[in-house]
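Take a look at the structure below.
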Amino acid sequence: MTDSEAIFGFLVSLRARELSVDQLMAFGAPLGITATNLRSSLSRMAAKGLVEARKEGKRAFYSLAPKGQRIGGNVGLHFREPDWSGWDGSWWGAFFSMPEAKERYALQKKLAAYRLRPLYPGFWARPYREAEGIGEAFASRASEGRFELARLTFERAITRERAAEAFGLEAIAARLAGAAATAEASISRLDASGAEEAFAQWMRLGHELVNALALDPLLPPPLLPEDWPGPGLRARFSEWAGTCSARMKAFVAPILGSET
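Residue numbers for the sequence shown follow the working numbering, so the first one is 707 and each next one is one higher.
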């Protein structure tokens, strides 16, 4: 976990509207984040549009910028079971032609972050679900003339086997099952942890578990194997997060309350 990832995690997981530099330094201390690295990371994150600063005299407060909020919201979809009850079989289809490798890579990285996968060269897709906000996330791309996003249906429905191949479900299933076992094993160890140590675990192991959760493509049940481990990991993560949150409260609450 990089310092920037930790700072982003503070702003997302602690659900504070904003955090002062002093608060961020206090939260970063158990993770070994120095004042110099904190300020450098905040500067880079602001340049990328992830955070924005508010000045109050000589003091600075940071919050998630709209781009950071969208990223956090997209990751947050992995914490709960997706509702596919009204799915009509339609898909998002992304068509693009970008000869510039750097630009193409950036687009493909964003498509992957929103759980689209390549079915053919220059064509990425995923089942359509309005709640995922994919249309809004790629709206600015539509005006470029080299990218189109459409809602479509296939004349021949995508089979479970084709979905497993396109989304790499076999390898992902192993990662999800392993993360669930890690979360379960950590719960009992938290009972012996102090508040500051529990917070460090919240960030370090939480980062690992969230990365595993983010691998789940959140597909409709008809496209998933019968024993898909995604729901099991979400259940274990919820239990782990609840236990960890209770253990770290004595460390977190005074820091959050220091600016009120």
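Every residue gets a Cβ at the ideal spot worked out from N, C-alpha and C, and that includes glycine.
Computed from a predicted model, the values in this text were never measured in an experiment.
- With a cutoff of 8 Å on beta-carbon distance, S892 and W830 are scored as not near each other.
- In the DSSP secondary-structure assignment, E758 is bridged to S769.
- With a cut-off of 8 Å on Cβ pairs, the stretch 927 to 936 is not in contact with the stretch 754 to 761, counting fewer than three such pairs.
- Judged by DSSP secondary structure, Y811 falls within the alpha helix (DSSP H) whose first and last residues are A807 to A819.
- Collapsing the DSSP output to three states places P927 in a helix.
- Annotation: the continuous beta strand (DSSP E) that includes A856 extends over F853 to L858.
- Taking 8 Å as the cut-off, the beta carbon of S803 is found no closer than this to the beta carbon of L858.
- Within the same chain, L962 come within 7 Å of A722 by CB-CB distance, once the 5 residues on both sides are set aside.
- Counting along the chain, F829 sits inside the beta strand (DSSP E) bounded by residues F829 to P833.
- With a cutoff of 8 Å on beta-carbon distance, L919 and A889 are scored as not near each other.
- Looking at the DSSP output, L725 shares a beta bridge with Y768.
- Contact between the stretch 768 to 782 and the stretch 732 to 740 is absent, with fewer than three C-beta pairs closer than 8 Å.
- Measuring C-alpha to C-alpha distances from K754 to each of E876, A885, S710 and G884 identifies S710 as the nearest.
- DSSP lists F853 as the beta-bridge partner residues of F802.
- Contact annotation, M707 with H913: C-beta distance approximately 4 Å; criterion of less than 8 Å satisfied.
- Taking 4 residues as the shortest admissible run, the stretch 872 to 939 contains the following complete alpha helix (DSSP H) segments, listed from N- to C-terminal end: 875 to 896 and 901 to 919.
- Counting along the chain, L825 sits inside no alpha helix (DSSP H); it lies in the beta strand (DSSP E) bounded by residues R823 to Y826.
- Using a Cβ distance threshold of 8 Å, P923 and R810 do not count as a contacting pair.
- The continuous stretches of alpha helix (DSSP H) do not include R786, and DSSP gives it neither H nor E.
- A885 and S769 have their C-alpha atoms roughly 30 Å apart.
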